[in-house]
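Here the structure is laid out as C-alpha cells; the discussion comes afterwards.
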Amino acid sequence: GGLITPPFVVFKFTIDFMNTALQQYAISAALITSGICTIINVAQLPIPFSERLFGRKLFVGSGVLSVMGTSFTFLPIFEISIRAMKAEGIDGTVAYGKMLGTS
Numbered sequence: 081g082g083l084i085t086p087p088f089v090v091f092k093f094t095i096d097f098m099n100t101a102l103q104q105y106a107i108s109a110a111l112i113t114s115g116i117c118t119i120i121n122v123a124q125l126p127i128p129f130s131e132r133l134f135g136r137k138l139f140v141g142s143g144v145l146s147v148m149g150t151s152f153t154f155l156p157i158f159e160i161s162i163r164a165m166k167a168e169g170i171d172g173t174v175a176y177g178k179m180l181g182t183s
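If you read the sequence shown in my numbering, its first letter stands for residue 81, the second for the next number, and so on.
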C-alpha cells in the first residue's frame, strides 16, 4: 500500500482523478522504480576505478536486503506546485510532467 499511495494522492488532489489510465501509469512507474532501486541497493554494485582514485573500493548500494520505495515527504510541495500551475492555466497533466521533469 505504501508504494501506490503517493501517486494516488497526487492524482486525487491535483490532477484529473477520473483519468484512470494516467493513474495506472503513475502507479506502475512507482512500482517499477521501486523494484529497480531495490535491485541496485541489494546488488551492491562496485564503482569502476574507485580503488585507484580513492584508495579503497566503493560501491553503490548497501548489499543488505531492503525494499526501496516512494516517500510521502514530497507530497505537500508537489500538491502546492501543481495547484499553482493549474491556477495559472496550465493543464494538470502538463503540470505533473513539469514536476517530474519530463515536460
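We treat Cβ as the ideally placed atom computed from N, Cα and C, and that holds for glycine.
Less than 7 Å between the C-beta atoms of residue i and residue j, yes or no?
i	j	result
ILE162	THR94	yes
LEU125	GLY143	no
SER130	LEU138	yes
VAL186	PHE134	No information on residue 186 is available, as it lies outside the stretch 81 to 183 that the chain covers here.
LYS178	GLY172	no
Tell me the rounded alpha-carbon separation between residue i and residue j.
i	j	result
ALA123	LEU111	18 Å
PRO156	ILE119	29 Å
GLY115	GLY82	14 Å
ASP96	VAL174	11 Å
ILE107	THR113	10 Å
THR100	ARG136	49 Å
LYS92	GLY169	19 Å
TYR176	ARG132	43 Å
LEU102	THR182	14 Å
MET98	TYR105	13 Å
* Asked: Three or more beta-carbon pairs under 8 Å between the segment 86-93 and the segment 145-155, yes or no?
  -> The segment 86-93, when compared against the segment 145-155, does touch it at the 8 Å Cβ threshold.
* To do: Any chance you could list the beta strand (DSSP E) runs of at least 3 consecutive residues sitting entirely within the segment 120-144, in chain order?
  => You should have found no qualifying run.
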